[in-house]
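Under our numbering, the first residue of the sequence shown is numbered 63, with each subsequent residue one higher.
A virtual CB, placed ideally from N, CA and C, is assigned to each residue, including glycine.
A quick write-up on the structure given underneath.
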Amino acid sequence: MILIFIYFGIFLGVIYISKNIFSLIEITFQQISIQKINYRFKKKLLLKYASMDYNLYLTRNSSEIYSIVSNDADSSFSNGLASLALFFSELLVFALLVAMIIVIQPILAFYVFLLIILIGIFTYKIFFPQ
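Okay, structure coming up:
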């Protein structure tokens, strides 16, 4: 009996490590992709600034262009695209879990979705009475 618990613990440990390795690969791929997109955007932005009229440079603060290219673009990409990538990865995981439940146990999936719909209607009636 003890041997079963040991094997079960090893099995759970392998699943946990596999999940963490997959998460590490996913986050690394997301960050590399975000940095590539950020680099391309900054390059296009600098080319745009370089092709602008010289009088514009004389009337603007010189640190404003640097601030836009270095700080604002970085913060936009690191905050915006990271959140968007996280949303789509969670959406993909949710869709795969729902598909797995439907394939493995369609009746259970029907009851779970029916329960979710009933809870949604109930909370809608509570928070938005007419």
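Item, Value
"Rounded C-alpha distance that separates V155 from D136", "28 angstroms"
"Candidates G142, L143, L108 and S140: closest to I127 by CA position", "L108"
"Pair within 8 angstroms by beta-carbon distance, I178 and L170", "no"
"Nearest-angstrom Cβ-Cβ length linking I96 and L148, presumed shorter than 8 angstroms", "Not a contact, Cβ separation roughly 11 angstroms."
"In chain order, each alpha helix (DSSP H) run of at least 4 residues that lies wholly inside the region 70-153", "116-121, 124-129 and 135-138"
"Coarse secondary structure for F156, derived from DSSP in three states", "helix"
"Proximal residues to Y69 (C-beta, below 7 angstroms), its chain only, five neighbours per side dropped", "none"
"heavy atom of the ligand MN below 7 angstroms from V174 C-beta", "Ligands in the displayed structure: none, and consequently the ligand MN is not present."
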